[in-house]
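Notes to accompany the following structure.
Residue numbers (UniProt numbering): 1 to 520.
Next up, the structure:
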């Protein structure tokens, strides 16, 4: 459904001509991804009251007392626009990813119900490294992945990740990929932004494997918790014998035991890390198998940003330079909106990352050339990009593509930054964005733009709005009109802005109408 009021700026202070405004409305036919979700099950106060005259923070405080304990988020919106030219589909994994799995998963304009982990068993057959988990911390981690995979699609379960209420949205924009998977019934949300480079193969691979990996390792965490607490019955090790699932652990974590809560959150962060490690192992294994036909795969990589939200627990993992920024307004200062960056920036622009890279290669004078690692890459941590991690993968390249003097790899790392945050009444929303967003706006500017837009447009779409403002700013800096910028074809437009992916998550119970949207 087209949101006709989406770009109604009559209540805004932003100076934008009506011609540019009309053009931007038309330009959203160029949006590659545009989706929204509103949690309709929560009980909000009547829309006939003066709700829209109340600040977003006041609405958050008012509704906290009126909604269910599963209310981890109220609504979200996602949008993405491309600037890089890339092939529509990739042929990695014998074409299975591009031709079969991605068409089942992609839903760029709306959320749709999905079956549990539709890509697991088929893709597993193509990788020799997925036969066992990365970590074996206890005997419970030795449960066969085949048991999980054969049971997950058919088992009636209350597991917060295998609920029948699961909905997914997402798609691709240039070399970026975005996913959002949620269960409103159980009050959880998983979002991922995969900012690919040198091609979209790595981002595509993450889109079809990482969510599955997260589900699997969280299932193992659940099993371990239940084993340690004597909660297993006679059907231990089988999904059919599981009744309370992770929902039980989440209840403990939220309400009953502070020490248990901290331990559980640490376990969730470990699961996210292990899921990325598993995906990395599988991807590089696939690259090695297919690099004779496609040697360019050794240079393909992706930044990774994953957010898991359940109740008041916000767990985040990142590799690279995508960001998650929390907007908070302390109760002691109602007019002081604060931007808190929850992620690290893993690039040469971060002095700590730069110095670590040099310290790890003390005897090499050419680690950084032209402000890039080995003259190739600015990010210091990333998924894939095997030729900067393994000599044998670099040797697959020929001519100027091969890295000279690859003396002591790896030069790009895969150890992610993880953090958990306990959402409070002061926290309003989280903005997730690929680095293309932050090329134009600071953290403070991003949260101010979203906050003001939410105040002025209670039924608008903040993710689309951020992209709109970015396009206006990019055009202005290039001495172009917005219309002229949008007429530049993908590929050539990369000179003016990067692929941009944005997700805005409205936290807690801040009730506001957010209709699911489609591209105009």
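Where a beta carbon is used, it is the ideal one built from N, C-alpha and C, also for glycine.
- Straight-line spacing of the CA atoms in residue 82 and residue 200 works out to 12 Å.
- Boundaries of the alpha helix (DSSP H) around residue 436: 435-438.
- Every unbroken stretch of the beta strand (DSSP E) spanning 3 or more residues and falling wholly within the region 306-355 is given here in chain order: 313-319, 323-328, 338-341.
- Counting the other Cβ atoms within 10 Å of the Cβ of residue 85 gives fewer than 16, which makes it exposed.
- Residues 375 of the same chain have their beta carbon placed closer than 7 Å to that of residue 369, with the five preceding and five following residues left out of the count.
- Distance between residue 503 and residue 363, taken at the CA atoms: about 42 Å.
- For residue 455, the enclosing alpha helix (DSSP H) stretches over residues 443-456.
- Residue 359 counts as exposed, since fewer than 16 other C-beta atoms from the protein chains shown sit within 10 angstroms of its C-beta.
- The DSSP-derived three-state label of residue 102 is helix.
- Straight through space, the alpha carbons of residue 440 and residue 473 are spaced by roughly 7 Å.
- In the assembly as shown, residue 331 is an exposed residue. Its beta-carbon has fewer than 16 other beta-carbons within 10 Å.
- Here the alpha carbons of residue 295 and residue 431 stand approximately 36 Å from one another.
- Residue 177 and residue 469 have their C-alpha atoms spaced approximately 21 Å apart.
- Within a 10 Å sphere around the beta-carbon of residue 341 sit fewer than 16 other beta-carbons, which makes this residue exposed.
- With fewer than 16 neighbouring CB atoms inside 10 Å of its own CB, residue 355 falls in the exposed class.
- In this structure, the alpha-carbon of residue 166 lies about 14 Å from that of residue 104.
- By the neighbour-count definition (other C-beta atoms within 10 Å, threshold 16), residue 424 is an exposed residue.
- Taken in chain order, the whole beta strand (DSSP E) runs of length 3 or more contained in the region 471-512 are 500-507.
- The beta carbon of residue 97 is closer than 7 Å to those of 90, 204, 205, 208 in its chain, skipping five residues each way along the sequence.
- Close CB contacts of residue 447 within its chain, under the 7 Å cut and outside five residues either way in sequence, are with 325, 327, 337, 339, 431 (chain order).
- Contact between the region 304-322 and the region 259-275 is established, with three or more Cβ pairs separated by less than 8 Å.
- About 6 Å separates the Cβ atoms of residue 377 and residue 412, confirming a contact at the 8 Å cut-off.
- In the DSSP assignment, residue 193 falls within the unbroken beta strand (DSSP E) covering 188-197.
- Three or more pairs of CB atoms, one per stretch, sit closer than 8 Å, so the region 265-274 contacts the region 415-429.
- Rounded to the nearest angstrom, the Cβ distance from residue 269 to residue 418 is 4 Å, consistent with a contact under 8 Å.
- Counting only the Cα atoms, residue 281 lies some 11 Å from residue 288.
- If only uninterrupted alpha helix (DSSP H) runs of at least 4 residues are considered, those enclosed by the region 364-429 are 391-394.
- Going by DSSP, residue 81 is part of the beta strand (DSSP E) stretching over 73-81.
- Within a 10 Å sphere around the beta-carbon of residue 225 sit 16 or more other beta-carbons, which makes this residue buried.
- Around the beta-carbon of residue 391, fewer than 16 other beta-carbon atoms lie within 10 Å, marking it exposed.
- Residue 432 sits in a strand when the DSSP states are folded into three classes.
- Remark: C-beta atoms of residue 195 and residue 408 do not approach each other more closely than 8 Å.
- Between residue 305 and the set 389, 329, 344, the nearest pair of CA atoms involves 344.
- Straight across, the Cα-Cα distance linking residue 198 with residue 290 is about 17 Å.
- In this structure, residue 300 and residue 384 form a Cβ contact; the two beta carbons are roughly 6 Å apart against a cut-off of 8 Å.
- Secondary structure of residue 267 (DSSP, three-state): helix.
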